[in-house]
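Undergrad:
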Amino acid sequence: MILNRFQKPEAHLEGLQVSVGIRPDFVPLREPVVRQRYLELGKQHGITFPSMAAGSILNRIPLKSEPQSAVYVIDAVEAAAVLRSSCILIAFFGNGDLRLRDSMGEFRDLSDGPFNTYELDAPGVTRVVEALRQIAPRAEDAGIILGLENTLTALQNLEILDRVGSPIVQVYYDVGNSTAYGYDVPGEIRLLGNDRICEMHIKETLSLDDPNTPILNGPEAGGVDFEGVASACLDIGFDKWYILETSGRKDQFLDDTQANVAFVKEHFSF
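Residue numbers for the sequence shown follow numbering that gives the first Met the number 0, beginning at 0 and rising by one.
1. Let's test the definition: count the other Cβ atoms within 10 Å of the Cβ of residue 203 and tell me whether it reaches 16, buried, or not, exposed.
2. Identify the continuous alpha helix (DSSP H) that holds residue 37 and give its terminal residues.
3. Taking a contact to mean a Cβ-Cβ separation below 9 Å, would you say residue 88 touches residue 198 in this structure?
4. Extract the residue ranges of the alpha helix (DSSP H) inside the stretch 89-144, only unbroken runs of 4 or more that lie entirely within it.
5. Residues in its own chain within less than 7 Å of residue 255 by CB, not counting five upstream and five downstream?
6. Below 6 Å CB to CB, which residues in the same chain sit around residue 177 once its five sequence neighbours on both sides are set aside?
7. Taking the beta strand (DSSP E) that residue 198 falls in, what are its first and last residues?
8. Does the beta-carbon distance from residue 47 to residue 96 come in below 9 Å?
9. Going by beta carbon distance, what residues of the same chain come within less than 6 Å of residue 0, once the five residues before and after it are set aside?
10. Label residue 233 either buried or exposed according to how many other C-beta atoms from any shown protein chain fall within 10 Å of its C-beta, with 16 as the threshold for buried.
11. Can you look up residue 53 in the DSSP assignment and give me helix, strand or coil?
12. At which residues does the beta strand (DSSP E) containing residue 183 begin and terminate?
13. Which first and last residues belong to the beta strand (DSSP E) in which residue 159 is found?
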């Protein structure tokens, strides 16, 4: 669910982020008729589609190892262009995680300070860089930003962006995930800057197994420093979309969404 600075009836949302598909045999936004229906409904309800997600499908069939995964990224670019989205989310979780696992399946923490840094899956990262170098020209032609949402630090992401060498490849930053991984979230936002962050996920997290705590800064809050995040966003002049990656309690979805919209408006309306 997506929020910008304006208010709409009901949930008070201005736009929606949609998924290009969730599995190889279900990629509905490949179909022109489906894309057209989205446009018709968006016009009818005053809703825009600022971004397109290639999430769960790439977590199952990752860009770091499976050649066919590049097709799903291109699907998302093409669909985003039709829906007039500005960027796509390329996910690197589950099978696509770019951190190296040891023989016990654990990630190796290399940090020697208060914030975590995990060892990279170097071959996997190289494969991703090579794939993005091939995809980036298509995205540039379409005017669609490729946003990387992953489990890495901001510094590691900047190194990947520099290796790809295209300004069309940026970071899709998630404040809940990065808090859970033990990263310096306000510091990372300042390090990346406005030009390297395409959109931002706003959510709580109690753990990586529970990323969709319904109420932002509520009684089940997961420790996200929203004051620090808002201050960092103000410092870098962040002017992109804030995306509510939240759910809602049973029979209270609308109320919870309205509360989350109000929270973000209060903290992030500069």
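Here a beta-carbon is modelled for each residue, glycine too, at the ideal position from N, C-alpha and C.
Because the structure is a prediction, the values reported are computed rather than measured.
TA: Let's see:
1. buried
2. 31-44
3. yes
4. 121-141
5. 213, 214, 247, 248
6. 184
7. 196-201
8. no
9. Note that residue 0 has pLDDT 41, beneath the 50 cutoff, so the model's placement of it is unreliable and the number below is only indicative. Closer than 6 Å at the Cβ level, and outside the excluded window around residue 0, lie 12, 243.
10. exposed
11. strand
12. Neither: residue 183 is in no beta strand (DSSP E) and is coded neither H nor E.
13. No beta strand (DSSP E) contains residue 159, which is instead part of the alpha helix (DSSP H) from 153-163.
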